[in-house]
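Residue numbers (my numbering): 2 to 123.
Scroll down for the structure; my scribbles are underneath it.
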Amino acid sequence: MSTPDQRNLALTGDDDDEAEELVSAEDFLTHYGVSFDPAVVQVNRLHILQRFHESLAAAEAAGALSGDAPARYSHEAALLRSAYEDFVHSDALTEKVFRVFQRQPPAAVHVSVAELLKSRSE
Numbered sequence: 002m003s004t005p006d007q008r009n010l011a012l013t014g015d016d017d018d019e020a021e022e023l024v025s026a027e028d029f030l031t032h033y034g035v036s037f038d039p040a041v042v043q044v045n046r047l048h049i050l051q052r053f054h055e056s057l058a059a060a061e062a063a064g065a066l067s068g069d070a071p072a073r074y075s076h077e078a079a080l081l082r083s084a085y086e087d088f089v090h091s092d093a094l095t096e097k098v099f100r101v102f103q104r105q106p107p108a109a110v111h112v113s114v115a116e117l118l119k120s121r122s123e
């Protein structure tokens, strides 16, 4: 497993070729030196990566990822570790990362038996 000391590549850095090689959740976790349980990743891979993506975007917008490459790398690693930990201690339904989980349940509609019988006889 690669550790932050062995690899000093931040996603927001200039080495896009190597960053493009990170294609799976396992690749990202390994790249950033985040220890992980394969069973957790197997079930939550898309949720972990989406949470990481959202965290990166928020950090970038806040200017928190400015600085040298090692500092960016460390910050990104912490964001990924946090995204992973969210799903170690919770689940996708609770975390509501994707829009489908954020939707409100449809409103209940009450139809009386009399209304049903009335419409059936017409």
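Here a beta-carbon is modelled for each residue, glycine too, at the ideal position from N, C-alpha and C.
Residues near residue i in its chain [Cβ-Cβ closer than 7 Å; skip 5 each side]
{"i": "residue 27", "result": "42"}
Candidates the options: closest to residue i by CA position
{"i": "residue 31", "options": "82, 121, 72 and 90", "result": "82"}
{"i": "residue 50", "options": "61, 67 and 23", "result": "23"}
{"i": "residue 89", "options": "45, 21 and 121", "result": "45"}
{"i": "residue 40", "options": "85, 79 and 80", "result": "85"}
{"i": "residue 33", "options": "64, 74 and 62", "result": "74"}
Separation of residue j from residue i, as counted between CA atoms
{"i": "residue 36", "j": "residue 57", "result": "19 Å"}
{"i": "residue 59", "j": "residue 29", "result": "18 Å"}
{"i": "residue 113", "j": "residue 48", "result": "41 Å"}
{"i": "residue 91", "j": "residue 63", "result": "27 Å"}
{"i": "residue 111", "j": "residue 119", "result": "15 Å"}
{"i": "residue 109", "j": "residue 38", "result": "40 Å"}
{"i": "residue 25", "j": "residue 68", "result": "27 Å"}
{"i": "residue 117", "j": "residue 21", "result": "59 Å"}
Check whether residue i and residue j have beta carbons under 9 Å apart
{"i": "residue 66", "j": "residue 55", "result": "no"}
{"i": "residue 121", "j": "residue 87", "result": "no"}
Residues near residue i by beta carbon distance below 8 Å, same chain, minus five either side
{"i": "residue 80", "result": "53, 56, 57 and 60"}
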